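*Asks:*
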Amino acid sequence: MSELGWWGVPIAVLGGALRVSTPFLFVSLGECITEKSGRINLGLEGILVMGAMSGYAVSYLSGNPWLGVLAAGFAGLLLGLLHAVICNLQRVNDIAVGIGLMLFGTGLAFFLGKPFIQPKAPTLPSIPFGGWSDSPQIQSALQVSPLLLIGVLLAVLLAWAFRNTRLGLVVRMVGDSSDAARAMGYSVLLVRTLSTAVGGFLAGVGGSFLSLYYPGSWGEGLSSGQGLMAVALVIFARWNPIHCFYAALLFGGAVALGPALQSVGITSGYYLYSAAPYVLTLAIMIVTCSPRRTLSGAPGELSIVR
Amino acid sequence: MQSARVAHLGPAVEALVIPFGALAVALLLFGLFMTVLGHDPLEVYALIYKGGFASSFSWQNTLSRAAPLILTALCVALPAQAGLMVIGSEGALVLGGLAAAVVGHQLGGMIPSVIKLAMAVAGMLVGGLWIALAGALRQYRGINETISSLLLNYIAIALFNHLVEGPLRDPASLNKPSTMPIPDVNMLGNLPGLDVHWGLGFGAIFCVAMYVLIKHTTHGFALRIVGGNARAARLAGLPVSKLVIVACFLGGAASGLAGMAEVAAVHGSANASLIAGYGYAGILVAFIARQNPLAIIPVAVFLGGISASGGMLQRRLDLPDATVLVLQGIAFLLILASETLYGRFKIFKPRETEPAAAVDKASSLIVQEVAR
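Taken in order, these protein sequences are the chains called A and B.
FYI, the numbering for the first sequence is 1 to 306, going by my numbering.
FYI, the numbering for the second sequence is 1001 to 1372, going by my numbering.
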């Protein structure tokens, strides 16, 4: 932080936000799809960890990190399907199943991932966007993962699809009124099953970012709860994929603010910054909710807003 | 009469057969998983039994692990009586533990029993207020309690980390930031005749007290009416908001007490070891117990037993310590899924003849009355 001085802080926050936000983005987009269909999956934390493990393992075994990303997605897809199939049963609580899945996913990942803690797997490349600058800080801050770009494109695509495609409208209809969907002849359970599975796929990909890009190794302390945080993030983003991207950047920036300030000698309040997004989410809800009005933009069938 | 009495037991038998059946299937699946990986499933089962339930040493380990789960499960089960789905026990536990640690250190020189009481009160008060906040936000601002309690978990943990690594840090704790230690004389001891700390006793007492409160008092009855139909409860003139917030407070107090017991009986100060996921595991315990405070105790002991056997599996079979997490995960998912089976088996249904006959008789009496 020598020649940049105080300017180093925003640059470090930007770089940190770009790095930290990618798993947030994928997990929240996945959760967004699931919740749009009227179901909540609190088990994305387990899926994220499982994705991180399987991505790393496959990258190590095959030598191709992109194959790892795909494997992570499929591991997530399977766990998402598991959640969906159990929740399709009558009277089963989706929140409780999500927490069960969190336990199962992390347990399975730690169990199967034991042999992969030591070896070094090939990780994903990064795209340097900072070549125009001489400053090493700016260069390192603008090292962007291709997964982030894919995530941003996906967010735009999803936002468009939810508004303009038949598939997107069907998912939203199932989430807003299962009666209407049934009347139109769509299978509510099938749509929710597929939405949860796709949500699991994205969460798995988000997990592979952790093990294959940043921090870029597999270990049991890899996730700091990004999977669960995504649930808060989707609410903050009001179930809008584009807003999910902004929210992911904000949450990532808040996490990165502590270390950035620490590097210029400000060490107090390190943890309070990372809590800022949750305080903000709660504050927004306090201001905008009332006993007669629930959150705007929320899918009507979602158990947590009814 | 004999058959009527047996028929009356149907729902109770059902409530045992279904979860145990699901558990048996879970054990079979887990055995299959172990077989695929080249282990003898029978040996694995035997070791789990040995590590969790076979000796007094393993029971001690099991019960110590069950103690916080009993209390954090109450944090879910009590608000659930009023129809709330609170998942904030982790935050209440962490802050309750922190409050107890601060009180235990600050009051250093007083009579140990007073300090112990003060620590328990501090833990319960802070935990209770934390969850009561989620209840109040729901009643007065219409904020869903599941979301707010999840957010409150993160805020609580951040607050905890901030205080433990900042203003409240013991300068002597170098590698593992902790609060100032509680003097040894003020630590909670073991239950009389057992090698298990008082947290288990607190949990058992709390569960029985809450069971009595819910099932055998007017307040508990009112609370269950709120859970059944809040609008009807309001029309009947029940103080709905008050009942909801008190239920949340009691639940949070249970979780805060869990934190206090972990700090004052196990760790000796508040540090990161407190954030061990007891709150989230407690949610599962409450659901498996179907929100019944008495059923929470055996479920938590069962879960504690599986966790306790992890070390045994690791030493004898060289299995990763996450093996027990896999078993817990499978068992929980299957037991939660088995919820769908209730009411689907004819043999458990109570005989309908007698109540139906009573209704017929009553309605014919009414008809006569009206005709007259």
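We put the CB at the ideal spot given by N, CA and C, even for glycine.
All figures in this text were calculated on a predicted structure; none of them were measured in a lab.
Note down the Cα distance separating PRO1192 of chain B from ILE1225 of chain B, rounded to an integer number of angstroms.
*Replies:* Approximately 39 angstroms between the Cα atoms of the pair.
*Asks:* Since TRP218 of chain A contacts ALA298 of chain A with CB under 8 angstroms, what's their CB separation in whole angstroms?
*Replies:* So it is not a contact: roughly 36 angstroms between Cβ atoms.
*Asks:* With DSSP collapsed to three states, give me the class of LEU304 of chain A.
*Replies:* According to the sequence displayed, residue 304 of chain A carries Ile and not Leu. Reduced to three states, the DSSP call for ILE304 of chain A is coil.
*Asks:* Shortest alpha-carbon distance to GLY221 of chain A belongs to which of A:SER268, A:ALA109, A:VAL58?
*Replies:* Nearest C-alpha to GLY221 of chain A: A:ALA109.
*Asks:* Would you mind reading off the limits of the alpha helix (DSSP H) that contains ARG1231 of chain B?
*Replies:* Run containing ARG1231 of chain B: 1230-1235, per the alpha helix (DSSP H) assignment.
*Asks:* Express the C-alpha separation of SER126 of chain A and ALA17 of chain A in angstroms, rounding to a whole number.
*Replies:* Approximately 15 angstroms between the Cα atoms of the pair.
*Asks:* When Cβ atoms are compared, which residues of the stretch 1051-1072 of chain B fall closer than 9 angstroms to chain A?
*Replies:* Result list empty, no residue passes.
*Asks:* Any idea what DSSP makes of THR1179 of chain B, helix, strand or coil?
*Replies:* Note: THR1179 of chain B maps to strand in three-state DSSP.
*Asks:* I want to see whether chain A comes within less than 8 angstroms of PRO1320 of chain B, judged by CB atoms only; does it?
*Replies:* Judged by the 8 angstroms Cβ criterion, PRO1320 of chain B is in contact with chain A.
*Asks:* Just to make sure I have the definition right: I need the residues of chain A whose C-beta is within less than 9 angstroms of the C-beta of PHE967 of chain B. Which are they?
*Replies:* Past the edges of chain B, shown from 1001 to 1372, lies residue 967 of chain B, and the structure says nothing about it.
*Asks:* Please determine, among B:ALA1099, B:MET1180, B:CYS1207, the residue with the shortest C-alpha to C-alpha distance to ALA1295 of chain B.
*Replies:* Of the listed residues, the one whose Cα sits closest to ALA1295 of chain B is B:CYS1207.
*Asks:* What are the residues in the stretch 1123-1156 of chain B lying within 8 angstroms of chain A by C-beta distance?
*Replies:* Cβ contacts with chain A come from LEU1137, GLN1139, TYR1140, ARG1141, GLY1142, ILE1143, ASN1144, THR1146, ILE1147, SER1148, LEU1150, LEU1151, LEU1152, TYR1154, ILE1155.
*Asks:* Helix, strand or coil for VAL152 of chain A per DSSP?
*Replies:* If DSSP states are grouped into helix, strand and coil, VAL152 of chain A belongs with the helices.
*Asks:* Exposed or buried, what is HIS1219 of chain B when buried is set at 16 or more other beta-carbons lying within 10 Å of its beta-carbon?
*Replies:* Exposed.
*Asks:* My assumption, with CB atoms under 8 angstroms, is that THR1035 of chain B sits in contact with HIS1105 of chain B. Please give the rounded CB distance.
*Replies:* Not a contact, Cβ separation roughly 52 angstroms.
*Asks:* Which residues of chain A have a Cβ atom closer than 8 angstroms to the Cβ of TYR1280 of chain B, listed in chain order?
*Replies:* Under the 8 angstroms cutoff, chain A gives ILE99, MET102, LEU103.
*Asks:* Throw me the rounded Cβ distance for the GLU1145 of chain B and LEU1084 of chain B pair, which I believe falls under 8 angstroms.
*Replies:* Confirmed, about 5 angstroms.
*Asks:* Run through DSSP, which three-state label would PRO128 of chain A get?
*Replies:* Strand.
*Asks:* Does DSSP put VAL1086 of chain B in a helix, in a strand, or in coil?
*Replies:* In the structure shown, VAL1086 of chain B sits in coil (DSSP, three-state: anything other than H, G, I, E or B).
*Asks:* What did DSSP end up calling SER1309 of chain B once you bin it into helix, strand or coil?
*Replies:* Coil.
*Asks:* Near ASN1161 of chain B, what residues of its chain come up, given a Cβ to Cβ distance below 8 angstroms and the 5 sequence neighbours on each side ignored?
*Replies:* Once the five neighbours on either side are set aside, the close Cβ partners of ASN1161 of chain B are ALA1272.
*Asks:* May I have a chain-ordered list of the alpha helix (DSSP H) segments no shorter than 4 residues that lie completely inside the stretch 1011-1093 of chain B?
*Replies:* Runs found: 1041-1049, 1056-1081.
*Asks:* Between TYR271 of chain A and chain B, is the shortest Cβ-Cβ distance under 8 angstroms, so that the two count as touching?
*Replies:* Cβ-Cβ to chain B under 8 angstroms: yes for TYR271 of chain A.
*Asks:* Is there a Cβ from chain A that is less than 8 angstroms from the Cβ of ALA1258 of chain B?
*Replies:* Judged by the 8 angstroms Cβ criterion, ALA1258 of chain B is not in contact with chain A.
*Asks:* Within the continuous alpha helix (DSSP H) that includes THR106 of chain A, where are the two ends?
*Replies:* 94-113 is the span of the alpha helix (DSSP H), which, as asked, contains THR106 of chain A.
*Asks:* Would you call the CB atoms of GLN1328 of chain B and GLY68 of chain A closer than 8 angstroms?
*Replies:* Not closer than 8 angstroms, so no.
*Asks:* With a threshold of 16 other CB atoms inside 10 Å of the CB of ALA141 of chain A, please say whether the residue is buried or exposed.
*Replies:* Under this definition ALA141 of chain A is a buried residue.
*Asks:* Looking at the C-beta of ALA12 of chain A, does it have a partner C-beta in chain B at a distance below 8 angstroms?
*Replies:* No, ALA12 of chain A does not count as interfacial toward chain B.
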